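**Q**
Numbering (our numbering), first residue to last: 5 to 451.
1) Reducing DSSP to helix, strand and coil, say where residue 347 ends up.
2) At what residues does the beta strand (DSSP E) containing residue 387 begin and finish?
3) So what's residue 114 in DSSP terms, helix, strand or just coil?
4) Report buried or exposed for residue 366, applying the criterion of at least 16 other Cβ atoms within 10 angstroms of its Cβ.
5) Residue 277: buried (16+ other C-beta within 10 angstroms of its C-beta) or exposed?
6) Considering only the alpha carbon of each residue, which of 341, 380, 229, 313 lies closest to residue 250?
7) Would you kindly check if the distance between the Cβ of residue 296 and the Cβ of residue 421 is under 9 Å?
8) Considering only C-alpha positions, which residue in the set 223, 129, 185 is nearest to residue 141?
9) Need the endpoints of the alpha helix (DSSP H) that residue 423 sits in, please.
10) Terminal residues of the continuous beta strand (DSSP E) containing residue 31?
11) Find out if the Cβ-Cβ distance for the pair residue 284, residue 344 is shorter than 9 Å.
12) So residue 289 and residue 281 are supposed to be a Cβ contact under 8 Å. How far apart are they, rounded?
13) Please state whether DSSP places residue 51 in a helix, a strand or coil.
14) Cβ of residue 172 within 9 Å of Cβ of residue 197?
15) Hey, how far is the Cα of residue 134 from the Cα of residue 237?
16) Look at residue 391 and residue 413 and say whether their C-beta atoms are less than 9 Å apart.
17) Relative to the C-alpha of residue 185, which candidate in 327, 60, 34 has its C-alpha closest?
18) Is the beta carbon of residue 54 sitting closer than 9 Å to the one on residue 100?
19) Suppose you measure from the CA of residue 82 to the CA of residue 169; what does that come to, to the nearest Å?
20) Look up residue 231 in the DSSP assignment and say whether it is helix, strand or coil.
21) Thinking just about the alpha-carbon of each residue, which of 252, 209, 207, 279 is nearest to the one in residue 423?
22) In whole angstroms, give me the CA-to-CA distance for residue 362 and residue 327.
23) Going by DSSP in three states, residue 23 sits in which element: helix, strand or coil?
24) Count the other CB atoms, across all protein chains shown, that sit within 10 Å of the CB of residue 180; report buried if there are 16 or more and exposed otherwise.
25) Once you ignore the five residues that flank residue 221 on each side, which residues in its own chain have a CB closer than 7 Å to its CB?
26) Who does residue 237 pair with in a DSSP beta bridge?
27) Would you kindly report the start and end of the unbroken beta strand (DSSP E) that includes residue 447?
28) Work out the CA separation of residue 267 and residue 384 for me, nearest whole Å.
29) According to DSSP, is residue 268 part of a helix, a strand, or is it coil?
30) Taking 9 Å as the threshold (C-beta atoms), are residue 429 and residue 144 in contact?
31) Measure the C-alpha to C-alpha separation of residue 57 and residue 34 and round it to an integer number of angstroms.
32) By Cβ distance, which residues of its chain are closer than 7 Å to residue 49, with the 5 residues on each side in sequence left out?
33) Identify the continuous alpha helix (DSSP H) that holds residue 89 and give its terminal residues.
34) Buried or exposed: where does residue 433 fall if 16 or more other Cβ atoms within 10 Å of its Cβ makes it buried?
35) Considering only the beta carbon of each residue, do residue 4 and residue 28 sit closer than 9 Å?
36) What would DSSP say about residue 368, mapped onto helix, strand or coil?
What follows is the structure, given as C-alpha cells:
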C-alpha cells in the first residue's frame, strides 16, 4: 500500500512499496469487492470517467508531481535503473499521454463516449466493459504498465492488478492518484502480490470477468490455458524491436544524427523493453555497417555521463563478456567484423545479416549490413510474429513501400529513430486496438 506522504490533488503520495501478499481467499474477497465497484462505475457516464482518468494522466506528465517523484525514487531500487534513466524515460514515455489523447483514442475506437446509454460506438452499436478485469503485469517500464491499466478503466471496468516484481510501484501509485481525483474510481483498482506458483491463488486472480496477461510467451500461454469462456482473455507476449538505416543516412551529418537518436532509444530503460532495438540493420555493405557501428558507439559513449547504465545482473554480465570475447576473436580472424565497447555499452559491426546471434541487452547492439530496403525486410522476416516496432531513418522515397512490407511481416509500429520509447497512447500494439480487445460490443437494431 502507499504511504500518504503527500497531499497533492494531482497525484499520489510521495512514497510507495510493494503490495501486500495475498492468498486465494484474500484474492476472492478483493475480486468480489471490485466487482461491486465495477458495477457502480458502469452506471456512470463514460465521459465523466474519461475526464477523471484524463486529469490523472495530465498530472503524471508533470515531472514534479508526487507520482513522478515516487517512481523516480523507487524504480532505481526495484528495477536497477539509474535515476537519470528513470527520469528521462518517464519524461519521454509519458510525453504522448494526455487526457485529450485518451478521449481521442476512445472516440476513434468506440465513438463518442456519451452518445447513448453506456459507451456507444455508434447509435447502433454499444460498447461496455466487463465488471472486472485482472491484469498480470510484466517488465519494469511504468508508461507501458500505466497504459495497460488505463485501458479497462476507460471502459469502466474495475481492475485487479498483479504488479511486476521489478515494478511494484506503478499500479498502487495509479490507484492512489485516482483516489485523490475520484474516490469511486480509486476504489475500482486494487494492486495485489501473490505467489503465481500457487494454483489456488492464480485461479482466484484469474476468476475475473476479463483477464489481461503480459509477459513471456510461456507465461501468456500458461494463463490462457486457465481462462475459459465466457471470460475474455487478452494476451501480450514476447515482442522484439529493431532499427533500420537507409542510404540517405549512411554518411556524415545524417549518419551522426541517426545514431544519436538511436543511442537514446537503446539507452532508455537500458534496452530492456519490447520497444528497445536489439539490432541495427544498415542498407549497404560491411563498410557501411562498420561506419554506423562506430558512430553508434560514439553516441552511446557520450550518453553514458548523462544517462548512466544501471545494474547488470551477474548472468547478463557474463553473457556480455562472452559475446564481446567471441566478437574479438572473429574480428581478429576477419577484417570485416569490428567491436566497439565501453564501460557501459557494446556495439558489434557484423559482416552479414544473421540476426540470430545472442543479444545480451543492457546496451549491447549488433549492426548488420543488407543490400537494400528489400534486404531489411528479408532480415526481419523471421521475427515477424514477434515484431513490435522498427525505427527507421534514411530511406527517403522508399519509406512507404518499406513500411507496407514491414507491416506485412507483422510490425505494429514504424517510427523515426529517437522515438521508439515514446509510443502514442493509441498505439495498436500486437496489431490490435487498445480498447476494443477489452470491450463487449452489442448491436442495437431499433424497431
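C-beta: ideal position from N, C-alpha, C; glycine also.
Computed from a prediction, not measured in an experiment: that's the story for all the values here.
**A** Let's see:
1) Coil.
2) Element bounds for residue 387: n/a, residue is neither H nor E.
3) In the structure shown, residue 114 sits in a helix (DSSP, three-state: H, G or I).
4) The residue in question, residue 366, is buried, as its Cβ has 16 or more Cβ neighbours within 10 Å.
5) Buried, by the Cβ-count rule.
6) For residue 250, the closest C-alpha among the options 341, 380, 229, 313 is that of 380.
7) Between residue 421 and residue 296, the C-beta gap is not smaller than 9 Å, which leaves the two residues out of contact.
8) Closest option to residue 141, Cα to Cα, is 223.
9) Element bounds for residue 423: n/a, residue is neither H nor E.
10) Careful: residue 31 lies outside any beta strand (DSSP E), inside the alpha helix (DSSP H) at 28 to 46.
11) No, they are not a contact pair.
12) That pair is no contact at about 21 Å.
13) Residue state, collapsed to three classes: helix.
14) Between residue 172 and residue 197, the C-beta spacing is below 9 Å.
15) Going by the C-alpha atoms only, they are around 12 Å apart.
16) Closer than 9 Å, so yes.
17) Scanning 327, 60, 34 for the CA closest to the CA of residue 185 turns up 60.
18) Not a contact, by the Cβ cut-off of 9 Å.
19) When rounded, the distance between both Cα atoms is 8 Å.
20) Assignment of residue 231 by DSSP, reduced to helix, strand and coil, places it in the coil class.
21) The candidate whose alpha carbon is nearest that of residue 423 is 279.
22) In a straight line, the C-alpha of residue 362 is about 8 Å away from that of residue 327.
23) The pLDDT assigned to residue 23 is 43, lower than 50, so where the model puts this residue is not dependable; a value taken from the coordinates is nonetheless given after this. In the structure shown, residue 23 sits in coil (DSSP, three-state: anything other than H, G, I, E or B).
24) Flag for residue 180 reads buried.
25) Excluding sequence neighbours, residue 221 sits near 241, 242.
26) Partner(s): 215.
27) Membership of residue 447 in the beta strand (DSSP E) is indicated by the continuous run 444 to 447.
28) Straight-line Cα distance between these residues: approximately 20 Å.
29) Note: residue 268 maps to helix in three-state DSSP.
30) Not closer than 9 Å, so no.
31) Rounded to the nearest angstrom, the gap between the Cα atoms of residue 57 and residue 34 is 22 Å.
32) Residues 118 of the same chain have their beta carbon placed closer than 7 Å to that of residue 49, with the five preceding and five following residues left out of the count.
33) Per DSSP, the continuous alpha helix (DSSP H) segment holding residue 89 begins and ends at 87 to 97.
34) Residue environment: residue 433 is assigned as buried (16 or more neighbouring CB atoms within 10 Å of its CB, all protein chains considered).
35) No answer is possible for residue 4: it lies beyond the span of the chain, which begins at 5 and ends at 451.
36) Judged by DSSP in its simplified three-state form, residue 368 adopts strand.
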